[in-house]
Amino acid sequence: MTKPINVLFVCLGNICRSPSAQGVFEKVVADAGLCDQIQVDSCGTTGFHSGSSPDPRAVSAAARRNITIGGLRAREFDVGDLKSFDYVLAMDTQNLLFVKEAWHLAGGTQPELFLSYAAKNDVEEVPDPYYGGDQGFEKVLDLIDEASQGLLRHIRERHL
Ligand code: 4NP
-14 MTKPINVLFV CLGNICRSPS AQGVFEKVVA DAGLCDQIQV DSCGTTGFHS
36 GSSPDPRAVS AAARRNITIG GLRAREFDVG DLKSFDYVLA MDTQNLLFVK
86 EAWHLAGGTQ PELFLSYAAK NDVEEVPDPY YGGDQGFEKV LDLIDEASQG
136 LLRHIRERHL
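Here our numbering is used: the first residue of the sequence shown is -14, the next is one more, and so on.
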């Protein structure tokens, strides 16, 4: 069997956006029957929340869409991730710049903005929902869902 494609989602704290992206994309991959061929993980550019479960608002919003992310635990980005992952996908420009700095020094996979895979290209960043209300978490999932479909299409065309 060929080596699986490894996808890493990156945000700031790894408790709101990137675990949501991990959960949504894992479901998209599972629904397509591709679990053995695509592996998914997430991390934060800070270690403030390392070891923590996702934010309860993110867990609830995902659960409303039949996606379970409560078992995930936050971890901090490591420069070695640029070697282990085939796709390193940042939620916003701030976090993209952070991982790109590591990439300039260490090489490996060139990080990209996750929403560059969305078919609708009017929004570039997944906005940080941490200091807002529940609506923000719904918006995050809508944007992630759209980009996940595009990412799967891209991986299928490119690799599978
Ligand atoms: P995330 O959201 O980057 O999507 O996980 C945040 C989580 C925590 C904080 C900021 C954003 N914080 O400031 O603690």
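The beta carbon of each residue, even a glycine, is placed where N, CA and C say it ideally should be.
Segment contact: the region 53 to 73 against the region 32 to 42, three or more CB-CB distances shorter than 8 angstroms; contact assigned.
The closest CA to that of Ser3, considering only Leu128, Phe(-6), Phe10 and Val84, is found on Phe(-6). Per the Cβ contact rule, the region 115 to 125 is not in contact with the region 81 to 101 (fewer than 3 Cβ pairs under 8 angstroms). Where Val125 is concerned, there is no enclosing beta strand (DSSP E), although the alpha helix (DSSP H) around it starts and stops at Asp119 to His144.
For the options Thr78, Arg49 and Leu90, the alpha carbon positioned closest to that of Gly65 is the one of Leu90.
In the DSSP assignment, Asn106 falls outside any alpha helix (DSSP H), carrying neither H nor E.
Sequence-distant Cβ neighbours of Ser69 in its own chain, meaning closer than 7 angstroms and more than five residues away, are Asn(-9). About 6 angstroms separates the Cβ atoms of Ala87 and Leu67, confirming a contact at the 8 angstroms cut-off.
Here the distance from the Cβ of Arg50 to the nearest heavy atom of the ligand 4NP is not below 6 angstroms. DSSP, reduced to helix, strand and coil, places Gly(-2) outside both helices and strands of the structure shown, so it counts as coil. By alpha-carbon distance to Val9, the top candidate from Glu131, Pro112 and Gln120 is Glu131.
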